[in-house]
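Q:
Protein chains: 2
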Amino acid sequence: MNKLLFHEIHQKSRLSIKEVNDALKEFGLYSSQWSILFCLKQFGSMTQKEIWKYLNVEAPTVTRTIVRLEESGWINRREGTDKREKIVQLSSSAEQKVPEIEKRIRRVEENLLSKLSDEEQDQLIHLLKKIGLESTEEKDVKNG
Amino acid sequence: MNKLLFHEIHQKSRLSIKEVNDALKEFGLYSSQWSILFCLKQFGSMTQKEIWKYLNVEAPTVTRTIVRLEESGWINRREGTDKREKIVQLSSSAEQKVPEIEKRIRRVEENLLSKLSDEEQDQLIHLLKKIGLESTEEKDVKNG
DNA sequence: AGTATAAACTTACCTAGGTAACTAAATGCG
DNA sequence: CGCATTTAGTTACCTAGGTAAGTTTATACT
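For the protein sequence lines, the chains are E and X, in the order given.
Residues 1 to 144 in full-length UniProt numbering are what the first sequence lists, from first letter to last.
Residues 1 to 144 in full-length UniProt numbering are what the second sequence lists, from first letter to last.
1. Hey, does lysine 109/X have any beta-carbon neighbour from chain E nearer than 8 Å?
2. Tell me which residues share the same chain as tyrosine 30/E and place their Cβ nearer than 7 Å to its Cβ, disregarding the 5 neighbours each side in the sequence.
3. How would you write the range of the beta strand (DSSP E) that arginine 77/E sits in, first residue to last?
4. Using the rule of at least 16 other Cβ atoms within 10 Å of the residue's Cβ for burial, across every protein chain shown, is glutamate 19/X buried or exposed?
5. Can you tell me whether isoleucine 125/X is helix, strand or coil according to DSSP?
6. Are any of the Cβ atoms in chain X nearer than 8 Å to that of asparagine 56/E?
7. Establish whether the CB of glycine 44/X and some CB of chain E are separated by less than 8 Å.
8. Rounding to the nearest angstrom, what Cα-Cα distance links isoleucine 101/E and leucine 112/X in this structure?
9. May I have the straight-line CA-CA distance separating methionine 46/E from threonine 47/X, to the nearest angstrom?
10. Do tryptophan 34/E and isoleucine 105/E have their C-beta atoms closer together than 8 Å?
11. Buried or exposed: which applies to valine 67/E, given that a residue is buried once 16 or more other Cβ atoms fall within 10 Å of its Cβ?
12. For a contact defined as C-beta to C-beta under 8 Å, what are the partners of lysine 130/X on chain E?
13. Mind pulling the chain E residues with CB within less than 7 Å of phenylalanine 6/X?
14. What does isoleucine 101/X touch in chain E if you count any residue whose Cβ is under 9 Å from its own?
15. What is the residue span of the beta strand (DSSP E) that leucine 90/X lies within?
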């Protein structure tokens, strides 16, 4: 019955992306673009590496999404002192719009989770975090 | 903190797909292809609609994957008596290989879930199933 | 019967993620 | 210093999913 578990995870992942995309339509954004904007709103300026490390995706994925965000004026990029890296930050117009978008997304998420109590949500996160292979970040220290 | 929950679901979804893809590499398959083969192994011949209804994806997604499975000889398709529909079934060579692949995938899944007890896995599925909007299938009957 | 509507599948095009191979800059080291 | 290696980012190409529009067949209705 393990099969069902991953099936279910996969389903809910797609469902939530679909709902978020739907809500973002009025802002002309997609879910992965929003996840980057949200990231920048939390942490301020970031290099692309910091972004893909945080989102736990590969570098090319972030490159592509960021290029589109830059083209549509949501972010600015500049070279770092290390000229290999590019420092990304929200444009001023994005800064203004982000809070409203965040509210909208929060509503979508609350909607999807309306059948779960706060305790159940905590439990769910906790259980999800236990999925994975042996090595996790907290073991890196004593790894050897 | 809702944000974290969907973030986590998304992460685990991608992680499990990645691991499954890795394991399937030796068979020349991808995860979504496998999900269709697995489906056919359970239910025998199916129309494409039955497949995408079961997997809960859109028709074009199944069309594409099925075309590739047909090209690489894993499945056969024939017209139904209703000439609009196409009936899909495993090829005989696929029938032979599927059990071994299933064993391999099961190992991957057990690996990913090794930190969770059986009870925790049940709990996790149960909680995941509670994610969603108002209308669910079991309400269709009394819907109206 | 004839026409309109619905259904099953396909095609075209979009975002999202992955790997592999590449470029350019920084770092390490003899 | 000069060369090899590493690192940040990009490019090209693959699967996976979605929507919108098109095709062909079945069904409904007058």
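We treat Cβ as the ideally placed atom computed from N, Cα and C, and that holds for glycine.
Treat the numbers as computed from the prediction; the structure is a model and nothing was measured.
A: Well, looking at it:
1. The question names lysine, but residue 109/X in the sequence shown is glutamate. Yes, contact with chain E.
2. Answer for tyrosine 30/E: Asn21, Leu24, listed in chain order.
3. Arginine 77/E -> beta strand (DSSP E) spans 75–79.
4. That one is buried.
5. The three-state secondary structure of isoleucine 125/X, taken from DSSP, is helix.
6. Closer than 8 Å: yes.
7. The Cβ of glycine 44/X sits no closer than 8 Å to any Cβ of chain E.
8. For isoleucine 101/E and leucine 112/X, the distance between alpha carbons rounds to 35 Å.
9. Each residue's Cα considered, the two are about 49 Å apart.
10. It is a contact, given that the beta carbons lie within the stated cut-off.
11. Its Cβ having fewer than 16 others within 10 Å, valine 67/E is exposed.
12. Near lysine 130/X (Cβ distances below 8 Å), the residues of chain E are Lys115, Leu116, Glu120.
13. Under the 7 Å cutoff, chain E gives Ser16, Glu109.
14. The premise fails here: isoleucine 101/X is roughly 13 Å from chain E at the closest Cβ pair, so nothing lies under 9 Å.
15. 86–90 is the extent of the beta strand (DSSP E) around leucine 90/X.
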